[in-house]
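**Student:** Below you will find the structure I want to go over with you.
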Amino acid sequence: MLRHAAAALAVTLALTLGAPALAADTVPPIAYQERTLPNGLRVFSAVDRTTPNVTVQVWYGVGSKDDPVGRSGFAHLFEHMMFKATRDMPSETIDRMTEDVGGFNNASTYDDFTNYYEVVPANHLQRLLWVESQRLGSLVVDEATFKSERDVVKEELRQSVLSQPYGRLFYLDVPRASYTTHPYQRPGIGSIEELDAATIDDVRAFHAAYYRPDNAALIVVGNFDQKELDAWVDKYFAGIKRPAEPMKRVTAVEPPRTQPGVYKGYGPNVPLPAVVMTWHAPDAASPDAPALTVLDAILSSGKSSRLYDSLVYEQQVAAEVYSDASLPQQPGMVMAGAILASGKTLADGEKALLAQIARLRDEPVTQAELTEAKNELIASKLRERETIDGRAFAIGYALSTAGDPALANRELAELQAVTAADVQRAAQKYLADNGRMTILYQPETARPAGAPDQTPKPPRVASTKYAGPVVTLAPAGQRAAPPPVGAPVFPVLPRPAEKTLANGLKVIVAKSSDLPLVSADLTVRTGAAADPLGLAGAMGMTAGMLTEGTKTRSAQQIASESEALGAILSSGGGQESSSVSLNVMPDKLSAAMAIMADVARNPAFAQAELERQRSQALDGLSVAFQSPGQLAGFAAAPVIFAGTPFGHVATGTPASLPKISTGDLAKLHTSYFRPDNAILVLTGDITPEQGFALAEQAFGDWKAPAGPAPARIAITPNAKPRAVAIDLPGTGQAAVTVVKAAIPRGDPAYYPGIVTNSVLGGGYSARLNQEIRIKRGLSYGATSRLSAMRTTGLFRASAQTKNESAPQVLDLIVAELTRLAETPASAEELKARKSVLIGGFGRDLATTEGLANILGSLALYDLPLTEVGAYTGKVEAVTPGQVQDFAKKNLDPAKASVIIAGDAKAFQAGLKTRRPDLEVVTVSDLNLDAVSLKKAAK
């Protein structure tokens, strides 16, 4: 996994000085059973009776490296097609059996494998096994589905690669530069040219070659009976035949790199140059893998990591640093890199990176660094095991990369055994100067005149002739029926307890798990709405600076003292609140909360730290201003809430951030960070008695200033609807947003509102995604969101699409908003969309962080904690009439604003015919501090 150590307002770091290393047995092992069917299908299962859910996953041994020559992106394309029809299931049935019953489904394509996974209520297990057997044994691969999903993949490529400032760097240039021979060099998402060249015969041949039982693993984790599971697996999977043809496998071997190389890449809308260095590395099963994993953590995990400490903090050469040593199935690569800070050169970045790589080779890492890295890695594995799907993923990933599922449990001890000498030896062996490839990434404007484009032309390859069997959807009367739904398994809801300390601090504690994890969230009831006039981002900077030094600890001391135990501490702010959050193992909670209390109560707001954070925030904005989705998001506040304390960008703007002083931060902190304006929530493996005692210990002597707590700010939006186009020339996609003010959280229509939103855009099967993605392939995803706050709210419907399709996508969003108000939703649709809400709420309750967020939000909005238990009933009680009424009163598209960010020349004319009031502002003239969104004329 690419690890980023980003410079940001919300800072993540790990806790406690000089603490001993965590024992590998701190993380409970995954107790699983394994068997193999005669057809070669491997089956793994792990029972967990504490959850009402079950995850079903199928991992196929086919990934992007297996794409045919001239058909890059095929494995990923097939990931999409696997959600369509089978012999007995019409297209989208998988969503009916997962999302519509309160579960979810998804899939991902890696270099070496493709995995499909679902989480559903446990009584739907048998049906999901039937579904997966259908996908494996009788998938329909037809021309219509192929073309539709190819269009969706193109939009995903535009969204993830072509419209992002560094999309081309990471998706295209890094693999292309790092390999000469092995198919790891090809982009997993493919290219538009190669996708367009494919035929249905190519697709059918690919499916026949790789989607077979002897190339698959079924993984089931959750609440089930083992004997029953075994019987169902035999019933649905044992009859699927193993093909006689041998499995196709990649045999290419990447030759060693014998001298350093340089690759120069360019892209549009690149605000800051970047440097990436890669080296060849072993495979995931190598004995050197644990040492490289620890090396990777030492390089970039947390604020005391070497790259962050040196490049971001000390030298201020980089805005962001990253490294990666997630080794694949076949020999892969290690990488390290940086997005440079404003004003820094590629040479600056190269020099700084090379110095840190040389340091790893030339001298052993310290014992403190070694301990910190191990503890972070082990704590990360513990968090992974907090969910049933996380445990299943751990098994599947170990199997698919290293070929050994037992590595999911064994790797903890292997990481713990790594020594400083092992890390140095690995650095010397794999990070040699003569094996380095350096990728230099710059804006297109930096390309020398006449310099050739290094992008290789897609190879022209003849299509395959497929003569095998073709499956079609059976007529309705001839389809096999899915198995019945079993008896429901009811969740055990947490029972929160609350208490107010003598100083006014409200404390909420809920024991929710026996897994050794605790979340602690301190929420202050004030956010960006309190920003002084002209100082957008001041409260966010105040919150973000909390971890940048206290009266007794410098920023570096906080990081270095705190990293040993893999706890996570972060601080940040939003429109209505500011927070300090902690996630840690319970036996270290007392020490961690002492640091949490220190950063919340005693920030230093040193001038040097403010300058550092300001510089990083401005660099971050320069990157965000080249992303259409983020631009549209920034514009929403000044468009919808103009003239109110919400009418500015909460994170600050290029004009406002330079004006903020340390005095402004200190004043805001003194005014609003006080116990009688705060809420502390503790969840996880902790009892109310323990939680209250720790709260008293850490915060009991926090004195409230004289006078009453600050008044809560009320927001009354009154801005007129607008249509705004932000022109970002050369970007690969347009972000289309329909947005308007909405109801507050305490409004009686809140539950009808969230059900209405679920019908419209709350998931894959909701109306917007059905119309925009599934039926027309115009976007990778279309969604909507109702964000209800204390005195107002915000509704947003959005999708990203190719620039020329922006007016069409806008039409579709408006049409669906209109239909919601004109025609009641059917009982069947409403039942499904309610299940989405209830299932998602239940999964949030199942994690310490999710539960803490729910309880903290209830307290922030002055709602009773009994809402946790009442949620399901209130959602179920919503009627079709209430949904229609909510849409009429609150989602009238004529009263909504439209914001579209993209390459305006492709959509401006079409948009103008729909919205004659259209305002167009180029990104270079954008002023988020002005209601007009435009810079003043000079």
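In our numbering, the protein residues as written are 1407 to 2344.
Just so it is clear, CB atoms sit at the ideal spot from N, CA and C, and this is done for glycine as well.
1) Can you tell me where the alpha helix (DSSP H) with phenylalanine 1799 in it begins and where it stops?
2) Alpha carbon to alpha carbon, how far is methionine 1739 from arginine 1441?
3) Would you identify the three-state DSSP class for histidine 2075, choosing helix, strand or coil?
4) Give the list of continuous alpha helix (DSSP H) stretches no shorter than 4 residues that lie fully inside the region 2042-2098.
5) At a threshold of 7 Å, does glutamine 1762 count as lining the ligand HEM (C-beta to nearest heavy atom)?
6) According to DSSP, is lysine 1905 helix, strand or coil?
7) Secondary structure at leucine 1421, three-state DSSP: helix, strand or coil?
8) Using DSSP's beta-bridge definition, name the partner residues of lysine 1709.
9) Residues in its own chain within less than 6 Å of phenylalanine 2047 by CB, not counting five upstream and five downstream?
10) Which partner residues does histidine 1686 have in the DSSP bridge list?
11) Taking DSSP as the reference, what is the three-state secondary structure of glycine 1509?
12) Buried or exposed, going by whether 16 or more other CB atoms sit within 10 Å of the CB of alanine 2342?
13) Candidates Ala2300, Ala2227, Asp1494 and Gly1933: which alpha carbon is nearest methionine 1947's?
14) Which runs of the beta strand (DSSP E), 3 residues or longer, sit entirely within the region 2313-2338?
15) Is it right to say lysine 1912 is buried, meaning 16 or more other beta carbons lie within 10 angstroms of its own, or is it exposed?
16) Tell me whether lysine 1787 is buried or exposed, calling it buried when 16 or more other Cβ atoms sit within 10 Å of its Cβ.
17) Does DSSP put lysine 2341 in a helix, a strand or coil?
18) Which first and last residues belong to the alpha helix (DSSP H) in which tryptophan 1638 is found?
19) Taking 8 Å as the threshold (C-beta atoms), are valine 1824 and alanine 1697 in contact?
20) Identify the continuous beta strand (DSSP E) that holds tryptophan 1465 and give its terminal residues.
21) Quick check: arginine 1610 and valine 1547, are their CB atoms within less than 8 Å of each other?
22) Determine the contact status of serine 2193 and threonine 2143, defining contact as a CB-CB distance below 8 Å.
23) Assuming serine 1984 and glycine 1508 make a contact with CB atoms under 8 Å, what is their CB distance in whole Å?
24) Which word fits aspartate 1839, buried or exposed, when buried means at least 16 other C-beta atoms lie within 10 angstroms of its C-beta?
25) Can you tell me where the alpha helix (DSSP H) holding serine 2028 begins and where it ends?
26) Would you kindly check if the distance between the Cβ of alanine 1764 and the Cβ of leucine 1705 is under 8 Å?
27) Residues in the same chain with beta-carbon distance under 7 Å from histidine 2075, minus the five sequence neighbours each way, listed in chain order, please.
28) Have a look at alanine 1857 and proline 1581 and give me their C-alpha separation to the nearest angstrom.
29) Please tell me whether glutamate 2177 and leucine 2218 are closer than 8 Å, where the distance is taken between their beta carbons.
30) Looking only at its own chain, which residues have a Cβ that is under 6 Å from the Cβ of lysine 1490, when we skip the five neighbours before and after it?
31) Please state the DSSP three-state secondary structure of proline 2286.
32) Quick check: the Cα distance between proline 2111 and threonine 2059, rounded to an integer number of angstroms?
33) Distance, Cα to Cα, proline 1666 vs lysine 1471?
34) Does the region 1948-1960 touch the region 1892-1901, meaning 3 or more C-beta pairs lie closer than 8 Å?
35) Ends of the alpha helix (DSSP H) at alanine 1622?
36) Please determine, among Asn1459, Ala1961, Gly2316 and Ala2072, the residue with the shortest C-alpha to C-alpha distance to aspartate 2348.
**Tutor:** According to the data block:
1) Segment 1794-1803, the alpha helix (DSSP H) holding phenylalanine 1799.
2) Distance from the CA of methionine 1739 to the CA of arginine 1441, rounded to the nearest whole angstrom, comes to 33 Å.
3) In this structure, histidine 2075 counts as helix in the three-state DSSP scheme.
4) Runs of the alpha helix (DSSP H) inside the region 2042-2098: 2068-2078.
5) As far as ligands go, the structure on display features none, and thus does not contain the ligand HEM.
6) Here lysine 1905 sits in strand by DSSP.
7) The predicted position of leucine 1421 is uncertain, since its pLDDT is 27 and thus under 50; no value can be drawn from it.
8) By DSSP's assignment, lysine 1709 forms no beta bridge with any residue.
9) Around phenylalanine 2047, the same chain offers Gly2053 and Pro2123 as residues with beta carbons nearer than 6 Å, after the five sequence neighbours per side are excluded.
10) Per DSSP, Met1739.
11) DSSP places glycine 1509 outside both helix and strand once states are collapsed to three, so it counts as coil.
12) Per the 10 Å Cβ criterion, exposed.
13) Taking only the C-alpha atoms, the option nearest methionine 1947 is Gly1933.
14) Counting whole runs of 3 or more residues, the region 2313-2338 contains the beta strand (DSSP E) stretches 2325-2328.
15) So lysine 1912 counts as buried.
16) Answer is buried; the Cβ neighbour count reaches 16.
17) In the structure shown, lysine 2341 adopts coil according to DSSP, grouped into three states.
18) Membership of tryptophan 1638 in the alpha helix (DSSP H) is indicated by the continuous run 1632-1643.
19) In this structure, the beta-carbon distance from alanine 1697 to valine 1824 falls below 8 Å.
20) From DSSP, the beta strand (DSSP E) with tryptophan 1465 extends over 1459-1466.
21) Taking 8 Å as the cut-off, the beta carbon of arginine 1610 is found closer than this to the beta carbon of valine 1547.
22) Contact flag unset, no.
23) Taking the Cβ atoms as the reference, serine 1984 lies roughly 33 Å from glycine 1508, outside the contact range of under 8 Å.
24) Aspartate 1839 sits exposed, since fewer than 16 C-beta atoms from the chains shown fall within 10 Å of its C-beta.
25) Its alpha helix (DSSP H) spans residues 2013-2030.
26) No. Outside cutoff.
27) These residues qualify, in order along the chain: Thr1948 and Pro2009.
28) Their backbone Cα atoms lie some 21 Å apart in a straight line.
29) In this structure, glutamate 2177 sits near leucine 2218, with a CB-CB distance shorter than 8 Å.
30) Within the same chain, lysine 1490 has close Cβ partners Ser1497 and Thr1551.
31) Proline 2286 falls in the helix class under three-state DSSP.
32) Looking at the two C-alpha atoms, the distance is approximately 31 Å.
33) Approximately 25 Å, taken between the alpha carbons.
34) The region 1892-1901 vs the region 1948-1960: no contact.
35) Counting along the chain, no alpha helix (DSSP H) covers alanine 1622; the unbroken beta strand (DSSP E) around it starts and ends at 1622-1628.
36) Any property of residue 2348 remains undetermined from this structure, which presents the chain solely from 1407 to 2344.
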